[in-house]
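In mature numbering (1 follows the signal peptide of the UniProt record, and there is no 0), the protein residues as written are -21 to -1, 1 to 534. In this text, a Cβ means the ideal position worked out from N, Cα and C, and glycines have one as well. This structure is a prediction, so every number in the text was calculated from the model and none was measured.
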Ligand SMILES: *[C@@H]1O[C@H](CO)[C@@H](O)[C@H](O)[C@H]1NC(C)=O
Ligand SMILES: *[C@@H]1O[C@H](CO)[C@@H](O)[C@H](O)[C@H]1NC(C)=O
Ligand SMILES: *[C@@H]1O[C@H](CO)[C@@H](O)[C@H](O)[C@H]1NC(C)=O
Ligand SMILES: *[C@@H]1O[C@H](CO)[C@@H](O)[C@H](O)[C@H]1NC(C)=O
Ligand SMILES: *[C@@H]1O[C@H](CO)[C@@H](O)[C@H](O)[C@H]1NC(C)=O
Ligand SMILES: *[C@@H]1O[C@H](CO)[C@@H](O)[C@H](O)[C@H]1NC(C)=O
Ligand SMILES: *[C@@H]1O[C@H](CO)[C@@H](O)[C@H](O)[C@H]1NC(C)=O
Ligand SMILES: *[C@@H]1O[C@H](CO)[C@@H](O)[C@H](O)[C@H]1NC(C)=O
């Protein structure tokens, strides 16, 4: 701060400083808790992993990065390149002081030294060739095991940008070195989100350990155009949802002008096929008030995912692509897994561009900062949960919302119908919220539907009643506009008493521990009995052939 004011003072005549450069840092968004994250990347197979790392580190003030391991994949079968992760960290070291001018003092960016210390490698072999008896853990798996064993009451997110044999090594080790209770406890700490399957270890993990919370798009080998994540920027390459998404902000020209700038932006390579296929894994975790990581079905910048199997007995915890119904730029309505990502593109690209400005020296930065959204006094990034009864009227007041740069703000309220729905035609299933908004957008009055609609018995909640989602999107008018959201959850009941009373409480229902309450006996799920070849975990290494030297697509 001192350096900054001095600079502003002495250069006053030389340039017009952006007023937002001297923002009151104590008024910026704070993060009560940061998701713990461990990345597995097949960096170097093509430029886009490096691109994703450049974006990823710009979010390291709101994520707790626990490890970054260079791994193999079907595209890079026998080499790993940790030094390329280190290169991005070296560039970050040059700008971390600039970045720290734009974050709350309570949520600083980590030091480059720390980030260097957690760069590791997986085995330099393909998939399950690196997993089995007699093999030592790779440095990546050693760190992952260590992080998983920390006595921390918070889940660990493993993000797979390439193959996931580092996770398979770790799980194999756990299975053979801990008792069943302890092994299950460690697995319950895991949250996995992978960019489809890029080697044979993802399928092995899900088959052996169906209790692991695991988000992955499912489709035939290498059919990536079917996967939600490709919608980050891939519609021209894959030819999906033609006319819906706006390509402008993921074009090479836009990236050159807005991202490939300054010392740090220069580290961002030109894309080969399309921009940053791996980025949706952490867009999913970004703390902007929209996503709720424990609820893949709620939707976020990283897409929307629902359980592949709902049967209570098996409790297979894999999540895969779910569709959103979105109006595209040509005014046509698209219902697709892709739409669940491209609908947020303007916001997630602006967010990246604005953060790249933070990396510039103060006198060159068009700095902007996120609006801080407050609804009915609730200033957290977690949802505002309102217990609601049929026909009740609920007033929502967002007038406590402010912009740290004092920019003017735009408010948009909309019902996000898809979460919770199991019907492709969501309008047939989810009752509509009736709401009116004040002219300045700061207030909304919501009327809940009648009992036979909100409690039609079709919700998966035991109550038979729906939870309805209303989103408030607040966008500022800074040099590069930034958006923060508030998700309001109306948890409905069929109670007819006190129909107008509504109870505001914090989002305790979202406590992550609530979601590890399955009790699984692994012996019931050790599914190798019918296999011809013995498989890992009993007595043999996976020595069989490995499919998939497929085409020359990416990731
Ligand atoms: C900065 O913001 C904090 C938190 O909103 C506030 O308490 C403090 O008074 C502000 N400082 C100045 C100099 O405005
Ligand atoms: C595992 O590590 C030990 C001790 O460093 C070493 O002696 C052994 O050769 C290693 N095994 C393999 C398969 O690399
Ligand atoms: C399993 O391992 C954990 C941790 O090492 C230990 O606390 C627990 O007592 C063990 N349980 C059994 C049944 O051996
Ligand atoms: C889409 O609809 C809006 C509002 O009705 C209109 O202003 C716009 O021109 C339409 N765009 C196209 C491409 O039809
Ligand atoms: C900003 O300041 C740096 C020194 O900190 C200087 O090298 C650079 O030329 C300045 N840029 C502008 C646009 O004044
Ligand atoms: C709710 O409103 C509907 C009409 O919209 C009415 O039929 C119903 O009786 C009302 N329910 C309660 C509990 O007031
Ligand atoms: C809730 O109440 C309505 C109206 O009385 C009724 O039609 C519906 O079946 C009830 N739903 C549940 C889940 O009890
Ligand atoms: C089910 O509905 C009840 C009543 O609205 C609510 O308290 C509870 O949190 C809901 N459960 C889930 C898993 O959404």
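Apart from the 5 residues on each side of it in sequence, residue 408 sits with its Cβ closer than 8 Å to the Cβ of 400, 401, 402 and 437 in its chain, given in chain order.
Of all alpha-carbon atoms in 344, 369 and 104, the one lying nearest the alpha-carbon of residue 457 is that of 344.
The DSSP assignment places 214 to 217, 231 to 237, 241 to 244 and 259 to 262 as complete runs of the alpha helix (DSSP H) inside the region 191 to 264, in order along the chain (cut-off: 4 residues).
Excluding its 5 nearest sequence neighbours in each direction, residue 231 has C-beta neighbours in its own chain below 8 Å: 249 and 250, listed in chain order. Just measuring C-alpha positions, the residue of 127, 320 and 216 sitting nearest residue 262 is 320. The residue among 37, 81, 20 and 5 with its C-alpha nearest the C-alpha of residue 62 is 20. Taken in chain order, the complete beta strand (DSSP E) segments of 3 residues or longer contained in the region 27 to 69 are 43 to 49. The C-beta separation of residue 50 from residue 144 comes to about 7 Å, placing the pair in contact by the 8 Å criterion. Below 8 Å, enough C-beta pairs join the region 459 to 478 and the region 352 to 360 to call them touching: three or more. Segment contact: the region 412 to 428 against the region 346 to 353, fewer than three CB-CB distances shorter than 8 Å; contact not assigned. Counting the other Cβ atoms within 10 Å of the Cβ of residue 196 gives 16 or more, which makes it buried. Within the region 420 to 460, the complete alpha helix (DSSP H) runs of at least 4 residues fall at 430 to 433.
Relative to the Cα of residue 130, the nearest Cα in the group 13, 164, 382 and 78 belongs to 164. Secondary-structure assignment with DSSP links residue 110 through no beta bridge to anything. Any heavy atom of ligand 4 counts here; residues with a Cβ closer than 7 Å to one of them, in chain order, are 308, 309 and 310.
In this structure, ligand 8 has no non-hydrogen atom nearer than 7 Å to the beta-carbon of residue 432.
The C-beta of residue 185 has 16 or more other C-beta atoms within 10 Å across all chains shown, which makes the residue buried. Considering only 301, 463 and 322, the residue with the shortest C-alpha distance to residue 309 is 322. Under the three-state reduction of DSSP output, residue 286 falls in the strand class. Closest by C-alpha distance to residue 316, out of 324, 304 and 326, is 304.
Residue side-chain check: residue 117 keeps its Cβ at 7 Å or more from all non-hydrogen atoms of ligand 1. Taken from the Cβ of residue 39, every heavy atom of ligand 1 lies 7 Å or farther away.
Under the three-state reduction of DSSP, residue 366 is assigned to strand. If the five residues before and after residue 173 are omitted, its C-beta is found closer than 7 Å to the C-beta atoms of 139, 143, 181 and 195, all from its own chain and listed in chain order. Where residue 185 is concerned, the enclosing alpha helix (DSSP H) starts and stops at 180 to 187.
If you check the CB distance, residue 179 and residue 113 do not come in under 8 Å.
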